[in-house]
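Each remark here refers to the structure printed beneath this line.
There are 2 protein chains.
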Amino acid sequence: MSDVTATYLVPSGGDLHKKAENIALGLTVGSWTNLPTLEKQQLHKHKGVVVDVQDDGQNGILTVRYPSANFSHDIPAILTTVFGKLSLDGTIKLIDLSFSEDVARQFPGPSFGIEGIRELIGVYDRPLVMSIFKGMIGKGLDEFEQQLYAQACGGVDLVKDDEILFDNPLTPFEERVKRGKRILDQVEQETGKRVLYAVNLSGRTYELREKARQAKQLGASALLLNVFAYGLDVLQALAEDPDIQLPIMAHPAVSGALTASDQYGISNKVLLGTLLRAAGADLVLFPSPYGNVALKKNETIAIASALTESTVYRPSFPVPSAGIHPGLVPQLVEDFGKDAVINAGGGVHGHPHGAAAGATAFRQAIDAVLTNSQLTDAAYKKTELAAALEQWGGKG
Amino acid sequence: MSDVTATYLVPSGGDLHKKAENIALGLTVGSWTNLPTLEKQQLHKHKGVVVDVQDDGQNGILTVRYPSANFSHDIPAILTTVFGKLSLDGTIKLIDLSFSEDVARQFPGPSFGIEGIRELIGVYDRPLVMSIFKGMIGKGLDEFEQQLYAQACGGVDLVKDDEILFDNPLTPFEERVKRGKRILDQVEQETGKRVLYAVNLSGRTYELREKARQAKQLGASALLLNVFAYGLDVLQALAEDPDIQLPIMAHPAVSGALTASDQYGISNKVLLGTLLRAAGADLVLFPSPYGNVALKKNETIAIASALTESTVYRPSFPVPSAGIHPGLVPQLVEDFGKDAVINAGGGVHGHPHGAAAGATAFRQAIDAVLTNSQLTDAAYKKTELAAALEQWGGKG
Ligand SMILES: [Mg+2]
Ligand SMILES: [Mg+2]
């Protein structure tokens, strides 16, 4: 069968079988029971099918299969089919989505993924470390260069723009790309370490592709995209473009408007996991379960699983973000394993000895965890880690 | 001041002034209090400003102004600024959004709007009537032509594709446009009445513009767009394109994932009203307050007001949809006035004498309301209306 299967969370009670049947018909052939036999034969391959109905007394869970004959194989058509009108129809949340293999293969998945990004930077055996520019709004290119240099020298693997830094006269996109490349080339010469910089690709939708191609030409090493301010299909187009071919980092900005309610919208697993991976995100940021801006741990694990489980696509890097400091590294590795990116803003820049030391402290914490040392033991010989633990605490 | 002002609904209690200040700083310059004077001077024009904080004991309402120096003047940048990270930050809903006039003028608004669409069809003095194809999935072009002809002959002003009908081998986009034009030209010759057909513009984002330009060339009269499956900026690009210039009808598919919760996401007024109008939707569909798939009446009125109130843009047509039958026309006119589109699917096709009679019954109901007649009185001389009232009821 060629189809897309969607699972919905609805309130318990009532005739859920009928509700599921109404969904399966209403979003496909419209009606069924009273159709003439000939029309039933004609429409059979277009009819939605109820796969499963559960009611545990608290929640109902409905699973419906939509034949792929009904929609073009693009994310807008699939979203409109499985959660278009239905998103407006009372209390209902889309909590799972899966494609039959032929449909899945219509989508690119990540061009690089975990393995490809590891190859770009030559790091294979540990979680990566990423840091974020701090307070760049209103600042100029000198500040940009200084911050990038400090973070990269400290030992991070990736640096990203803040998602609220757009193209602007003080730090224009093109200049960030060019100077970013120069600084990172210099760091590589000085330290032997290759670092990627994800520049925020922003502006009008129909300019993004050309802008990304130019960025590639100018030596960009990665792209940041506020995908939910655009559309998943835009991410896919960027990922598929043979003239771009840069790692794409998907930022979760605006996604909370779709995912935050328990009763409505789309689950984090589907939106940040299943769909971002299919559309081609190489790295996916999401709120870690540890900070102020936090997701429930089971939701973060579900995202990470959807990004890395065995499918037709390369795995994408999970990037649990927000509230991350070196003392959390043991917990991060326990929760997300080695194939994750440890992403910190304040946890790098807020280090008492500066951003370079902040980055170094993360690397020291990772080394400790991977050699089964306690952070506090490792900190005896590592001043940056010691200062970080004093600043933010941390056991393990 | 050049800025965007956003209003948020949050839970009552706690230090809401501090919360608002954290938003205003966190989404702009990052920090403030401890900055050196020189840096404060440099950053002053970038700093977010708390405009208002209310707490009525049930809800907190925070209003924050974001200087437009911080973002490029496109909807993705504005959405990411005002509700990017913030959408992920606990219980919070974006309930209002306004642009200073210079920012507002960066957006096109509708190319046609209410007046332009009235001119296209030569109808100035009454609500318009729209109907929807019924159950076209799995059906061919003959069925398409028959349905279009019946609906148009009955007296509707617009006919739209169902939003779940995508480009497909049985009724390809291009054929729907060409045959749609032929049928509507024929109806105009036969009846003197011009009818618009909104074809569902679907497929990959980066193909939409060219596809819409071709549709225009082939004689399309209007476009339907599942804008929330793409992105608001895509709608804007289509509205601005000088080679398209067709009325664009925005469908609310998927929008419920953003709007349905009382505590999270974005209000219907902002998403379906303010933003769709700024981006250039000429007609905006939303669930009426009367049917099964319904919005609260105050939400539908808020959408309609945002679409029609005096701004720098042309007004867009509100299109309350779902659950509409001729008996509801008095209520619709009372709630939405003359400048609205009365949109019916089942209320046209389910008429006991067929779709043409169903369309006619709507026109008869409108005539009655506009001449201050009771529907039941008018129905004495109008058999189509009489049959509709018998089928679905209706007072007034
Ligand atoms: Mg950020
Ligand atoms: Mg529909």
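Chains as they are written, first to last, in the working numbering: chain A, 1022 to 1417; chain B, 1022 to 1417.
Just so you know, even glycine gets a beta-carbon here, dropped at the ideal spot from N, CA and C.
Everything numeric in this text was worked out from a predicted model, so none of it was measured.
{"Check": "Assigned exposure category for A:H1038 - 16 Cβ within 10 Å defines buried", "Outcome": "exposed"}
{"Check": "Below-8 Å beta-carbon distance, B:F1187 vs any chain A residue", "Outcome": "yes"}
{"Check": "C-beta atoms of B:I1322 and A:L1048 nearer than 8 Å", "Outcome": "no"}
{"Check": "Chain B contact for A:L1306 (CB, 8 Å cutoff)", "Outcome": "no"}
{"Check": "CB contact flag (B:V1150, B:F1383, <8 Å)", "Outcome": "yes"}
{"Check": "Distance CB(B:D1290)-CB(B:I1324) smaller than 8 Å", "Outcome": "Before going on, a small fix: residue 1290 of chain B reads as Lys here, not Asp. A contact, by the Cβ cut-off of 8 Å."}
{"Check": "Straight-line Cα distance separating B:S1326 from A:G1414", "Outcome": "53 Å"}
{"Check": "Members of the stretch 1307-1328 of chain A near chain B, C-beta cut-off 7 Å", "Outcome": "P1308, V1314"}
{"Check": "Outcome for A:K1232 when other beta-carbon atoms lying within 10 angstroms are tallied against a minimum of 16", "Outcome": "buried"}
{"Check": "8 Å Cβ shell around A:A1407 - same chain, five flanking residues per side excluded", "Outcome": "A1400, Y1401"}
{"Check": "Distance between A:Q1395 and A:T1102 (C-alpha atoms, nearest Å)", "Outcome": "51 Å"}
{"Check": "Beta carbon of A:W1053 nearer than 8 Å to that of A:L1046", "Outcome": "yes"}
{"Check": "Cβ pair B:L1418, B:I1044 closer than 8 Å", "Outcome": "For residue 1418 of chain B there is no data in the structure shown, the boundaries of chain B being 1022 and 1417."}
{"Check": "Residue burial classification, A:G1358 (beta-carbon count within 10 angstroms, cutoff 16)", "Outcome": "exposed"}
{"Check": "Secondary structure of A:S1033, DSSP reduced to three states", "Outcome": "coil"}
{"Check": "With 16 other Cβ atoms within 10 Å as the buried cut-off, status of A:K1061", "Outcome": "exposed"}
{"Check": "DSSP three-state assignment for A:Y1087, whether helix, strand or coil", "Outcome": "strand"}
{"Check": "Selection from B:Q1412, B:P1148, B:D1360 that minimises the alpha carbon distance to B:P1373", "Outcome": "B:Q1412"}
{"Check": "Neighbourhood of B:A1389 by C-beta, 6 Å cutoff - its chain only, sequence neighbours within 5 removed", "Outcome": "L1396, A1399"}
{"Check": "Status (buried if at least 16 other CB within 10 Å, exposed otherwise) for B:R1086", "Outcome": "buried"}
{"Check": "A:A1219 at chain B interface by Cβ criterion, 8 Å", "Outcome": "no"}
{"Check": "Whether B:I1096 touches B:L1297 by CB criterion (8 Å)", "Outcome": "no"}
{"Check": "Min CB distance B:Y1251 to chain A below 8 Å", "Outcome": "yes"}
{"Check": "Endpoints, beta strand (DSSP E) assigned at B:P1373", "Outcome": "Element bounds for B:P1373: n/a, residue is neither H nor E."}
{"Check": "Beta-carbon spacing of B:A1376, B:V1369 below 8 Å", "Outcome": "yes"}
{"Check": "Local Cβ density within 10 Å of B:G1417, reported as buried at 16 or more and exposed below that", "Outcome": "Note that B:G1417 has pLDDT 44, beneath the 50 cutoff, so the model's placement of it is unreliable and no number is given."}
{"Check": "Cβ neighbour criterion (16 or more within 10 Å) applied to A:D1024", "Outcome": "buried"}
{"Check": "B:D1356 - DSSP class collapsed to helix/strand/coil", "Outcome": "helix"}
{"Check": "Helix, strand or coil at A:G1417 according to DSSP, with G and I counted as helix", "Outcome": "In this prediction, A:G1417 has a pLDDT of 44, which is less than 50 and means its spatial position is unreliable; what the coordinates show is noted afterwards. Coil at A:G1417, not helix or strand."}
{"Check": "Short CB-CB distance (under 8 Å) between A:T1295 and chain B", "Outcome": "no"}
{"Check": "Nearest to A:P1088 (by Cα), restricted to the options A:E1122, A:D1077, A:L1109", "Outcome": "A:E1122"}
{"Check": "Contacts of B:D1110 in chain A (Cβ-Cβ under 8 Å)", "Outcome": "G1277, N1313, V1314"}
{"Check": "In DSSP terms, what B:L1059 is bridged to", "Outcome": "Per DSSP, none; premise fails for B:L1059."}
{"Check": "CB contact check: B:R1197 to chain A, cutoff 8 Å", "Outcome": "no"}
{"Check": "Under the three-state DSSP convention, the category A:K1068 falls into", "Outcome": "coil"}
{"Check": "Simplified DSSP state of A:P1347, which is helix, strand or coil", "Outcome": "helix"}
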